DNA sequence: TCCGTGATTTCC
DNA sequence: GAAATCACGGAC
């Protein structure tokens, strides 16, 4: 169980997005350890990617973190209600990132359940368990990732990834989700997921 | 399958 | 100021 070092996050964003699959996302909050295995990611290739917040070199207070060094978190709010968790890739000045779309909950299932539903894990039905963290907004709520988790160094002690040597799966790719406005970029197969994992948000 | 929710950022 | 937005849950 080794914490991933910064060089893991630095480099080609499409490669990092695939390498992230099977890794464990850990959030230490209020003395508790919440974690889940990453099963679905999407790559956002900055300047040339119409679906990215940083398309065309757009640089604002919100996107500033993407221009920094790799291995930092980029958490943004969407539709006024939900957060999405991204990992900044590439070197300083290149605003690319990987969106974590879904995880399989691993540790402290009861805390994750309370965060999501205000109900204990043992009271959940099958559908509720499946829906715990199978989407970008859901996993942020479940793992308690919000505004205060933005701009964190993933090489620190609060929010980080570990390698549990989970390699026994095959990777599928597909079009990204929810970006039909992005014209030709909407068809790029930059979504990656673990085949046959029930926590993947869509097939 | 569709629609209301609802806040932050960005664009004009 | 207005529009747009990398979702979700519940009503049909």
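Numbering (the working numbering), first residue to last: 3 to 205.
Even for Gly, the Cβ is constructed at its ideal location relative to N, Cα and C.
Model, not experiment: these values are computed from the prediction.
- Pairing residue 102 with residue 138 gives a Cβ-Cβ distance under 8 Å.
- Under the DSSP assignment, residue 89 falls in the beta strand (DSSP E) whose first and last residues are 84-91.
- Contact check for residue 48 and residue 156: beta-carbon distance about 19 Å, past the 8 Å limit, so the pair fails to qualify.
- Across the structure, residue 62 and residue 69 are spaced so that their CA atoms are roughly 10 Å apart.
- Shown here for residue 142: same chain residues with a beta carbon closer than 6 Å to its own, the five before and five after excluded, namely 85 and 87 in chain order.
- Residue 144 is positioned such that its CB atom lies closer than 8 Å to that of residue 118.
- Shown here, residue 15 sits in a helix according to DSSP, grouped into three states.
- A contact between stretches requires three or more CB pairs, one per stretch, nearer than 8 Å, and the stretch 109-124 fails this requirement with the stretch 179-190.
- DSSP, read as helix, strand or coil, puts residue 42 in strand.
- Going by beta carbons, residue 106 and residue 199 fall inside the 8 Å limit.
- In this structure, 135 is the residue among 161, 135 and 192 with its C-alpha nearest to the C-alpha of residue 203.
- The three-state secondary structure of residue 104, taken from DSSP, is strand.
- Rounded to the nearest whole angstrom, the C-alpha separation of residue 169 and residue 23 is 9 Å.
- Following the DSSP letters along the chain, one finds residue 174 inside the beta strand (DSSP E) bounded by residues 173-176.
- Residue 165 sits in a strand when the DSSP states are folded into three classes.
- By the neighbour-count definition (other C-beta atoms within 10 Å, threshold 16), residue 37 is a buried residue.
- In this structure, the alpha-carbon of residue 9 lies about 16 Å from that of residue 154.
- Short of 7 Å from the beta carbon of residue 132, and not among the five residues preceding or following it, lie these beta carbons of its own chain, in chain order: 200.
- A Cβ-Cβ distance of about 13 Å is found for the pair residue 54 and residue 19, leaving them out of contact under the 8 Å criterion.
- A direct Cα-Cα distance of roughly 12 Å separates residue 175 from residue 189.
- For residue 79, the closest C-alpha among the options 140, 32 and 51 is that of 140.
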